[in-house]
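Report on the structure given below.
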Amino acid sequence: MFFREYTIKRIFQGRLLKGSDIIEDIKAFLKEKSVQSGIISGIGAATKANIGYYDQEARIYKIHTFDEPMEILSLKGNISIKDHDAFPHLHGVFSRKDGFCIGGHIFEGTEVFAFEFEIVEFVGDPFIRYFDDETGLYLWAK
Ligand code: ZN
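Residue 0 is where the sequence shown starts when you use numbering that gives the first Met the number 0, and the numbers rise one by one after that.
Structure, rendered in structure tokens:
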């Protein structure tokens with residue numbers, strides 16, 4: 000295990016507009032505000048979700064597209080650096096019309112019906128993501 004200890008710099012609370020792409024809009028916000036490390040959470044509703052499951056054997060994301068109205072019950076994630084830019088790593092749980100849930104890693108193309116979020120920015124050096132041979136993922140390095 001390794002970790003860093005941070006203090007809180009700023010807290011943002013806001014709402015994405017209907018039709019927003021969650022990943023793209025959060026990325027743009029992080030860039031605009033120069034946020035490089037922190038945590039994200041949010042709730043709301045989506046009109047479409049691109050949700051990934053990482054196949055550990057094949058070492059590839061299998062992306063499922065759910066093109067239907069859903070509640071965003073819980074979205075949470077972290078912010079660090081990947082390829083020199085702030086990268087939001089987000090997971091979400093979505094409920095469908097019948098109340099059953101789906102979830103996973105959120106990819107671009109996940110569209111907002113309504114979305115309320117909080118972003119907590121940390122003070123200190125952000126973690127940087129590097130390709131990890133053992134998992135095939137871009138993970139934090141010490
Ligand atoms: Zn993930």
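For each residue, glycine too, the CB sits at the ideal point set by N, CA and C. Since the model is a prediction, treat every value here as computed from it, not as a measurement.
Considering Ala27, what are the terminal residues of the beta strand (DSSP E) in which it resides?
Looking at the DSSP string, Ala27 is not in any beta strand (DSSP E); the run it does join, the alpha helix (DSSP H), is 21-32.
For Ala27, count neighbouring C-beta atoms within 10 Å of its own C-beta (all shown protein chains included) and say buried if the count is 16 or more, exposed if not.
exposed
Which runs of the beta strand (DSSP E) spanning at least 3 residues fall entirely within the segment 89-126, listed in chain order?
100-105, 110-122
Do the segment 60-70 and the segment 92-112 touch if we need at least three Cβ pairs shorter than 8 Å?
yes
Cα-Cα separation between Ser40 and Leu89, rounded to whole angstroms:
9 Å
Whole-angstrom Cβ separation of Lys81 and Tyr137, contact assumed at under 8 Å?
6 Å
Name, in chain order, the residues that DSSP records as bridge partners for Asp66.
Answer by DSSP bridge pairing: none, since Asp66 is not bridged.
Is the beta carbon of Ala45 less than 8 Å from the beta carbon of Phe112?
yes
If I follow the unbroken beta strand (DSSP E) through Gly13, where does it start and stop?
6-15
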